[in-house]
Amino acid sequence: MKEKSNLLGAIIDEATRQFLANGYKNLNIDELVNEIGISKATFYKYIPSKEILFEESIRRYLEKFKKEISKQIKQILKSNKETFFKFFIELIRISGEFISSISNVVNPQIEKRFPQINLKLREFTKKQIENSFFSIVKKGREIGVIRNDISTEVLYFIIYTTLLNLKSFAENQNKLPVDRFFFEYFYIIFNGILVEDIKPIYYKQIMAVDYEK
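Here the sequence shown is numbered in my numbering, starting from 32 and rising by one per residue.
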């Protein structure tokens, strides 16, 4: 059995893995405790119910994603013309994986059962966009990557409304994976907002991405 100080984290980590892989309905507490190596009695000392476990798993998953994108944004804000797209493409990849994973577990049925989680996801997405968009655009202009004659407000509205509703897109179609959608979407966006002589740098890096990973 794991040390008590680490046990709660181990429970939530394994539960998060299973929720993301198999969905809420398919998580079995008996199988979960067997995987961790604890008794059900011990489990319920830490987590009173499957519902609470699910909410805590989603909360921690959001925190993990937040740390990952914060790290990437810091890299973008320290970048130059040659590295700006490298870090931005990685940000797109991380975000695409997050949307794909969260859409698999927080489906329309779960949204009805846990409306507070759906609200939290929308608020989380809204806050992340607000916290990163303007600083990234400002950096892009400072290093001569993003055009100065593009309306920041219009660009913000386009990206904000798309990303805020991307989860619905992922739930309602299967032909275009979310990660591929992200790359195609920002390819179109960048084609319009980049300084002309910078475009070849972006095209070269975006074309090197392996969509089949």
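Ideal placement from N, C-alpha and C gives every residue a C-beta, glycine not left out.
For I189, which residues from the same chain have a beta carbon less than 8 angstroms from its beta carbon, with the 5 sequence-adjacent residues on both sides left out?
-> If you ignore the 5 residues before and after I189, its C-beta comes within less than 8 angstroms of the C-beta of I220, all in its own chain and listed in chain order.
Looking at C-alpha atoms only, which residue of I83, Y55, F214 and Q103 is the closest neighbour of S166?
-> Selected option, being the one with the closest Cα: Q103.
Exposure of A46, with buried meaning 16 or more beta-carbon neighbours within 10 Å = The residue in question, A46, is buried, as its Cβ has 16 or more Cβ neighbours within 10 Å.
On the three-state DSSP scale, how would you describe K244?
-> The predicted model places K244 with a pLDDT of 43, which falls under 50 and marks its position as unreliable, so this point remains unresolved.
Distance between K98 and I60 (C-alpha atoms, nearest Å) | Taking the straight line from one Cα to the other gives about 29 angstroms.
L207 by DSSP, collapsed to three states: which one?
-> Coil at L207, not helix or strand.
Through-space distance from Q159 to K112, alpha-carbon basis | C-alpha of K112 to C-alpha of Q159: approximately 24 angstroms in a straight line.
When you compare only the Cα positions, how much space is there between Y55 and F129?
-> For Y55 and F129, the distance between alpha carbons rounds to 17 angstroms.
Between the C-alpha atoms of I152 and V176, what's the straight-line distance to the nearest angstrom?
-> The question names Ile, yet the displayed sequence has Leu at residue 152. L152 and V176: Cα-Cα distance of roughly 31 angstroms.
For L108, does the three-state DSSP call read helix, strand or coil?
-> Residue state, collapsed to three classes: helix.
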